[in-house]
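So the structure is just underneath, and the comments pick up after that.
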Amino acid sequence: MNSLESQIKGINESFHVQCTEAQASQNPDAVEKLRVDFLGRKGHVTGLAEALKTLSKEEKPQAGKLINALRQEIEGKLGDLQGQSKGWEIERSLNIPFADLTLPTSNIANKGSIHPVSLMRQVLIRVFKQLGFTVYDGPEVDFDFFNFSALNIPDHHPSRDMQDTFYCEGAKGLLLRTQTSNIQIHAMLNEKPPLRIIAPGRVYRSDSDMTHTPMFHQIEGFVVDEGISFAHMKGTIDAFLKAIFGGSLQSRLRPSFFPFVEPGAEFDVQCGVCLGKGCRTCKNTGWIEIGGCGMIHPNVFEAVGYDSSVYSGFAFGFGIDRIAMSRYALPDLRQLFEGDWEFLGHFPQSAN
Amino acid sequence: MQISIAWLKEWVNLDGVSVESLSQTLTDIGLEVEAVKPLASFGDDVVVGRINSCEKHPGADQLQVCKVDVATGAELTIVCGAPNARQGLTVAVATIGATLPDGLKIKQAKIRGQESYGMLCSSKELGLSDENAGILELDASLTLGQPIRKAMALDDVVLTLNVTPNRADCLGHKGVARDVSAKLGRVLQKTIVSYTAASSVSSKAVGIKIDSSKCQRFTALKISGVKAVASPDWLKRRISACGLRPVNLIVDLTNFVMLEMNHPVHAYDARDVKQESFVIREAKSGESIKTLDGQVRSLSEGDLLICDASNILGIAGVMGGFQSEIKPDTSEIILEVAGFDPISVRKTSKRLGIHTEASHRFERGVDAADAEKVARRFAHLLERCSKELGLPSPSIAADVKDSTQFTRQPKMVAVRLGYAKSFLCMNHLTVDGVKKSLDLLGFRFVDQNQERLLFEVPSWRMDCERECDLVEEIGRMAGFDKVPVLLPTMSLQPTPEDPLIDFIEQVRWVVAGIGLRETISFPFWSGNESQKLLLSNDSHPLWPSLKIINPIADDAVWMRTTLVPSLLKQTLGNRNQGTKGSRLFEIGRGFFRPLNAPKTQSPCWISYKSQGSHLSPKAKGDMERPIERQLVAGVIDQPLFGKVWDRPETPATAFHGKEIVASLLEVFGIQNVQYMHLEASHGLTFVHPKQSAVIARGDRILGWIGQLHPRAAMAFGFDVAELPVLFELDLELIHQASTDRSKISSVSYKFPPSTRDLAMLVDESVSYQDISTQILKQSGSGHLKDFRVFDVYRGANIPAGKKSMGLTFLFQSAVKTLTDQEVEGEFKGITDNLLNAFGAERR
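Okay, structure coming up:
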């Protein structure tokens, strides 16, 4: 019994010494060690239970009380210490050197990008989708009928000189489309009015210099219904130009000629560089040419079996690459098609 | 087309119309002004002067000191180096302060010790011609001190018009003036054709025989007593303002008439037209002619020719012959004014590669009805010029010989005012207004039935065929700016959209999101790509079969069948610029010839036998149409990562290609995809046979992934130690796969999972796919929720030909916490099954 008492005393003293040390160290690990050493499964206090077994029946209650008192004392102290220890733990996790976040990261996913022409196309198509247009696709290799003759461009007509055409071996009249207008014919042959269609795609012309590439991108759009007028064409083109170039730049239509429309026009937007005053970009005209448009020629309707006395419509087309060039201020069109890794990574990826 | 404003003013009164407003007007009516250039780019401080005296410069042999009178009182002292500077010469003097066209500013200067107060100018220095041998020698009758611009009538501005192919009538000043006059509401001047006819000459004797329907009309006017002298200055100026070179009076007048009346004419030396008779016939094969430019042209059957009794004189509407051109001693001419079939002229000029002022006009359409008038206009001008030059009056026949009794069926077109109003949305249009503006354009009002107006189309407007053409004229004259801005009001019912279109856009974003940069390349091949790709022969499904007849370059002859070569080319380009580890992808089409459908029986290329959904059902029926397939392909160059601060250099492997493809398929919920070894029947000759897989789903092959074959790598110019990784997928097949996705599980697992690990030794030949298939086959009804490979190990303690695979299994129930017993039971079942199936040994 006496030896147990002195044992308890020794444990108590030892705990208080270590407790003070832990307090001084402010180390959460020391607090945990204290708990394990004294209250753990093989701890000093737990070990007293073994010693209790050796005592007589009479001695046990007294000894039990003493052990309980010790346990309570240690538990209480330890509890306080553990409370403080949580704070020390937070302190410890904050008390570290600065991480140098100026170091570069090297995740590959953030290096990907969409081509500027694709970005531009998405912006343009979104505008037309808001106006209720459907996107339509068609072949890049097509027959003369769809690319020319159904579009009122007869063979041997000088208007064919407006587009230098690549012809293909094989079936007669097989060619690489020179314009997305071929989709007008495909769509009208397959769908019934009313139609509101927008058709983007690659087109090909035998031409190559700073501002021409043998392949480039166009968007064709057309609307067919009863009672469609020239004013509707103006309205649609105006809405589109405002959405792309902002409302502050003026636009204009001037008469021009495309065989598949009558009347035909070209649409220009005020030069964004000089605001119409005239500069190098706009060749001193104050205007930037965007595309062509017009009221669909009755010969076109008749080629696809639409009744031109019932239906009227308008069509328009323009190059995506040119708009992308002006949007991103690119000097050379060919750069778009060279696959330069650095160049392709420069374009903001939000399609706004 | 270059238009002189001064010339235009001879046809329409432009008082009060500035150059800017004229340009605007022209653009507004569809004759777009592309450039505006003053004829004389110098000011009124360049004046007429006379050299009163010339003395040798005391300090320089080549220079003279001239005293020049410019009517300012005192003589100017000017040092001049021109050899032709001499006393009494009338000259162009740039006085102090003048700026010459090349930007030179004239200042008072000391030249070799001698003060000089101006400069005597050459024609080139004034920007008038290339003549620079000496100073300009002017007519002595000019008033001294008068600005040169005025004295030489240089006060003109040249407009460059973009005349669209439909407006053939505007390839001459008169036609442009007509459009301007109609827009401004002013009257077009009448064409003056009067001259004094000579009784001694007649055109009657000229023979004309037309042996081809391609010649619509042929007229001839005979003139004798002409002299091929230099033209008067005003005539030279008009012609050179429009970009043509003055030659002699006769040739210049033919050009002048063409530039004015838009009717090319030709003058023959009468001596060269045998028996003075013309035969207009089509060429026989084997014939040839030496044209005006001295070149011998071989003709083809059907080319329209102008001949005499025995020789070919010229190619109709394209170019005259060398032999019958106007010579210095030409005294008698026959003037040809004709009309030719536009298509015939176009075919001949295209084939011979001769594009002339004449062919340009004839292929767009020349008004044959005005032939006689044009001939008489030439005669009028010739008489006028002869008088101005002090030449004896030429003898001009009174009559113009015509091939036939030329008649033209008048073309009638009606326009309904109500229709025009609603079509153009111009409610202010009136019957009288429409009649007036069409009348100014030359449309003759014929009849009226209420609002239906009937007009006769003028002979020069070959572009006007039907009502919409008149509506355009009305709109053009009224001004497109008068049309209001409205949006169409239509049924909300949209045309159905092919879902593939939007799917492809999504693929673009997904692949970019994985870390590839989108590129776009030309789909052209030179043909040697087939060898580089190691394709065996033309029966290979990827052998290009669509050939361009008129390629832009030798390396752009064939349409591609795979996007791989252009990706590799661009990757090499990046490497050559010092960029390693580029990762490009492209979405584009492969082109396949249906008649050349793959002979190989492999299901891999089944898609290349059928048209993609871009083609409408009606066009699909056309069996000769090449097949177009939408493809996405990508390339990962070595290394995937260069060495960076937090990781070592990481080479790209076929697994990185798989990562991209698998992520893509996962995003679109495409399941049950198998990755299979390449076999010879797949025909992927350019893909590494071991570091690769074909991506299959059911009986369809969606595409492939793999390293570039080392042999192909060498052919494309890559280092064999650094093989790039590639993939290519058929977008339409992926899209179809994405539409039949399995049911989405809505169960959430809220009870704790248990995991068990298994490591086993299996043969090298056992693939992960074999193991996973086996696990899935057996664990159907149990609680196995997931499993993954945590280790694949070869080496120490593992026998050769074996590998150790470590798998973690996760068991979980949605309804309860699983007991150890349950988990152990299921795990044992899986383990036994695997060990059994593969003869594996537990480690």
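For the protein sequence lines, the chains are B and C, in the order given.
The opening position of the first sequence corresponds to residue 257 in this note's numbering, with each subsequent residue numbered one higher.
The opening position of the second sequence corresponds to residue 673 in this note's numbering, with each subsequent residue numbered one higher.
Backbone N, C-alpha and C define an ideal beta-carbon position, used for all residues, glycine too.
Close to B:Tyr584, with beta-carbon spacing below 9 Å, lies no residue of chain C; the smallest spacing is near 14 Å. Using a 10 angstroms sphere on the CB of C:Asp1153, the tally of other CB atoms stays under 16, which defines it as exposed. Per DSSP, reduced to three states, the secondary structure at C:Cys842 is helical.
Per DSSP, reduced to three states, the secondary structure at C:Lys1219 is strand. Beta-bridge annotation (DSSP): C:Asp1074 is paired with C:Thr891. For C:Met791, no CB of chain B lies under 8 Å from its own CB, so it is not counted at the interface with that chain. If only uninterrupted beta strand (DSSP E) runs of at least 3 residues are considered, those enclosed by the stretch 381-433 of chain B are 397-399, 430-432. Taking 8 Å as the CB threshold, C:Gly1187 lines the interface with chain B. In the same chain as C:Arg1255, and ignoring 5 residues on each side of it, the C-beta atoms closer than 8 Å to its own belong to Gly1187, Leu1188, Arg1189, Gly1306, Val1307, Ile1308, Asp1309, in chain order.
C:Glu1300 sits buried, since 16 or more C-beta atoms from the chains shown fall within 10 Å of its C-beta.
Counting of Cβ neighbours within 10 angstroms places C:Arg1247 among the buried residues, the total reaching 16 or more. The beta carbon of C:Pro918 is closer than 7 Å to those of Ser903, Lys908, Ile911, Ser912, Asp924 in its chain, skipping five residues each way along the sequence. Note that the stretch 848-868 of chain C does not touch the stretch 939-948 of chain C; fewer than 3 beta-carbon pairs, one per stretch, sit closer than 8 Å. Residue environment for B:Asn366: exposed (fewer than 16 other C-beta atoms within 10 angstroms of its C-beta).
For the options C:Val898, C:His1100, C:Arg1138, C:Lys886, the alpha carbon positioned closest to that of C:Gly1062 is the one of C:Val898.
Here B:Ser568 is buried: its Cβ has 16 or more other Cβ atoms, across all protein chains shown, within 10 Å. Taking a Cβ-Cβ cut-off of 8 Å, the neighbours of C:Phe1194 in chain B comprise Thr469, Pro470, Met471, Phe593, given in sequence order. Under a criterion of Cβ atoms nearer than 7 Å, the residues of chain C adjacent to B:Cys424 are, in order, Leu1218, Lys1219, Ile1220, Ile1221.
In this structure, B:Val479 is the residue among B:Arg458, B:Val479, B:Gly426 with its C-alpha nearest to the C-alpha of B:Lys448. Non-local C-beta neighbours of C:Ser1193 in its own chain, meaning closer than 7 Å and more than five positions away in sequence, comprise Ser1238, Gln1242, Glu1258, ordered along the chain.
Chain B places a beta carbon closer than 8 Å to that of C:Gly1245, counting this residue as a contact. Residue-level contact check: B:Lys498 does not touch chain C, since none of the beta carbons of chain C fall below 8 Å from its beta carbon.
Per DSSP, reduced to three states, the secondary structure at C:Gly1011 is strand. The continuous beta strand (DSSP E) containing C:Arg1372 extends over residues 1372-1380.
Sixteen is the threshold: since fewer than 16 other Cβ atoms of the shown chains lie within 10 Å of the Cβ of C:Val859, the residue is exposed. Separation of the CB atoms of B:Val373 and B:Leu592 is rounded to 6 Å, and the pair is thereby assigned contact status at 8 Å.
For B:Gln378, the chain C residues whose C-beta falls within less than 8 Å of its own C-beta are Glu1177, listed in chain order. Secondary structure of C:Ala1365 (DSSP, three-state): strand.
For C:Pro1289, the secondary structure class from DSSP, reduced to helix, strand or coil, is helix.
Going by beta carbons, C:Thr1322 and C:Pro1311 fall inside the 8 Å limit. C:Gly1262 has C:Arg1301 as its beta-bridge partners, per DSSP. Contact residues of the stretch 1010-1041 of chain C toward chain B are Ile1015, Arg1018, Lys1019, Glu1035, Arg1036 (C-beta to C-beta distance below 7 Å). Taken in chain order, the complete beta strand (DSSP E) segments of 3 residues or longer contained in the stretch 923-985 of chain C are 937-941, 949-954, 960-962, 968-970, 976-979. With at least 16 other beta carbons inside 10 angstroms of its own, B:Tyr460 counts as buried.
Every beta strand (DSSP E) stretch that sits fully inside the stretch 753-803 of chain C and reaches 3 residues is listed by chain position as 762-766, 781-783, 786-788. Along the length of the stretch 1112-1145 of chain C, whole beta strand (DSSP E) runs at least 3 residues long occupy 1116-1121, 1124-1129, reported in chain order.
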